[in-house]
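Engineer: With full-length UniProt numbering applied, the sequence shown covers 1 to 337.
Glycine included, each C-beta is placed from N, C-alpha and C at the ideal position.
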Amino acid sequence: MPVKFIDYYEVLKVPRAASEKEIKQAYRKLAREHHPDLHQGDAKAAAEEKFKLINEAYEVLSDAEKRAKYDRLGKNWKAGDEFDFDHAGPGGRTYTYHGPADFDLGGFGFSDFFASIFGEDFAHNRQNSGSGQMSYRGEDIDAEISLTVDELIHGTEKELRLSAPSPCSVCGGQRFSRGGVCRSCAGTGVTEETKKVKVKIPARLHPGASLRLKGLGGKGYGNGPDGDLYLRIKATPSGGWQVNGSDLETELVIYPDQAVLGDKTQVPTPHGPVQLKLQPGLHSGQRLRIREKGLPKESGFGDLYLRVRIDIPPEQTEAEKELYQKIRDLRQNNENR
């Protein structure tokens with residue numbers, strides 16, 4: 001019996017090289033968008049069909065064996081083409097698909113195309129899915145955390161509010177309940193729960209690093225362990241420090257006499273104060289570098305850059321003003337020569 005080829009990658013709007021994570025993300029987004037309970041009238045009926053097709057596509061592309069079998073077939077077919085499919089089943093037994101009556105898919109609403117390729121295996125798996133206590137590992141969570149310069153260098157403790165996937169209590173994370181796709185979780189197999197966790201951030205984390213926190217991800221099912229939390233580390237400007245990768249920049253204010261004659265001055269850094277020698281003849285806007293006083297990087301530390309700004313003291317004595325006047329007179333005499 002001819003059936004129409006379905007491009008499951010097109011259904012989920014992902015490329016053929018999509019990763020497991022990309023497929024899962026696309027599926028959950030589309031499943032929620034087209035959930036029939038969110039629509040009314042004719043739109044509800046259309047959403048119902050789209051919802052079934054999205055779940056069918058995910059049933060195939062989320063399973064490594066099904067996806068490999070589908071990809072071998074899909075090399076030679078385009079969406080909408082018709083073909084007669086002879087299927088080599090387990091043990092090499094070959095059968096020809098004649099129609100949906102060939103397999104009892106339990107009302108799960110899969111297409112003839114799906115049944116022609118995966119119907120026997122799917123029906124068999126569904127019949128045996130209720131035997132014994134199932135267990136599987138919880139999902140990993142990816143999150144981003146912004147840390148101040150001080151927190152990156154010295155470490156800290158943070159309380160985070162996370163949205164974590166938890167196995168659906170109705171279908172046990174299997175995506176299907178009796179009669180079809182589980183409506184409780186929109187066929188995603190998970191529900192989202194918000195939780196607060198306290199995490200200890202170790203010292204010397206560099207921007208762009210990923211911190212793995214074991215067991216702080218999504219809940220496992222049955223005897224399965226919880227997933228992990230992966231925190232992507234981001235640096236946020238703080239304390240007057242501007243961030244550029246692992247380098248920092250800040251402003252250094254000096255007085256005119258220091259700029260002309262040079263000096264020794266103590267400057268603050270995120271690692272503590274350091275003594276800095278100022279060379280004579282400094283100009284505003286000049287950048288001075290202090291090595292390895294920036295943020296942590298994979299090996300060592302970045303640098304700290306000081307951007308020079310020349311200013312006058314907030315108050316001057318009469319003697320100081322007289323000296324400034326003498327300097328002006330000398331400069332004007334030199335210009336008039």
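Per DSSP, what kind of secondary structure is Leu-304 in: helix, strand or coil?
Structural biologist: DSSP places Leu-304 in strand when its eight states are reduced to three.
Engineer: Thinking C-alpha only, which one of Glu-59, Val-149 and Asp-140 is nearest Phe-114?
Structural biologist: Residue Glu-59 is the option with its Cα nearest to Phe-114.
Engineer: Suppose you measure from the CA of Thr-317 to the CA of Leu-248; what does that come to, to the nearest Å?
Structural biologist: Their backbone Cα atoms lie some 36 angstroms apart in a straight line.
Engineer: Looking only at C-alpha atoms, which of Ser-166, Lys-198 and Lys-13 sits nearest to Cys-185?
Structural biologist: Here the closest residue by C-alpha is Ser-166.
Engineer: Excluding sequence positions up to five away, which residues of its chain have a Cβ less than 6 angstroms from the Cβ of Asp-142?
Structural biologist: Closer than 6 angstroms at the Cβ level, and outside the excluded window around Asp-142, lie Tyr-230.
Engineer: Figure out for me which residue from Phe-5, Ala-164, Ser-299 and Leu-162 has the closest Cα to the Cα of Arg-72.
Structural biologist: Checking every option, the nearest Cα to that of Arg-72 belongs to Phe-5.
Engineer: Can you give me the C-alpha to C-alpha distance between Gly-272 and Ala-164, rounded to a whole angstrom?
Structural biologist: If I take the Cα positions, the gap works out to 39 angstroms.
Engineer: Would you kindly check if the distance between the Cβ of Trp-241 and the Cβ of Pro-270 is under 8 angstroms?
Structural biologist: Going by C-beta atoms, Pro-270 is nearer than 8 angstroms to Trp-241.
Engineer: Does the pairing of the stretch 196-213 with the stretch 144-153 give three or more beta-carbon distances under 8 angstroms?
Structural biologist: Cβ pair count under 8 angstroms is three or more, so yes.
Engineer: Report the option in Lys-264, Glu-22, Ala-235 and Glu-33 whose CA atom is closest to the CA atom of Ser-210.
Structural biologist: Nearest C-alpha to Ser-210: Ala-235.
Engineer: Please confirm whether Gly-173 and Tyr-136 have their CB atoms less than 8 angstroms apart.
Structural biologist: Yes.
Engineer: How long is the line joining the alpha carbons of Arg-93 and Pro-225, rounded to whole angstroms?
Structural biologist: Residue placement at Arg-93 is poorly supported in this model, since its pLDDT is 41, which falls under 50; the coordinates still yield a value, given next. Going from the Cα of Arg-93 to the Cα of Pro-225 covers about 39 angstroms.
Engineer: Where does Lys-214 sit, in a helix, a strand or coil, going by DSSP?
Structural biologist: In the structure shown, Lys-214 sits in coil (DSSP, three-state: anything other than H, G, I, E or B).
Engineer: Relative to the alpha-carbon of Glu-159, which residue among Asp-112, Val-199, Tyr-27 and Ala-46 has its alpha-carbon at the smallest distance?
Structural biologist: Minimum Cα distance to Glu-159 is reached at Val-199.
Engineer: In this structure, how does DSSP classify Ser-284 when only helix, strand and coil are distinguished?
Structural biologist: Three-state result, Ser-284: coil.
Engineer: Please return the same chain residues whose Cβ sits closer than 6 angstroms to the Cβ of Gln-332, not counting the five positions on each side in sequence.
Structural biologist: Around Gln-332: no qualifying Cβ.
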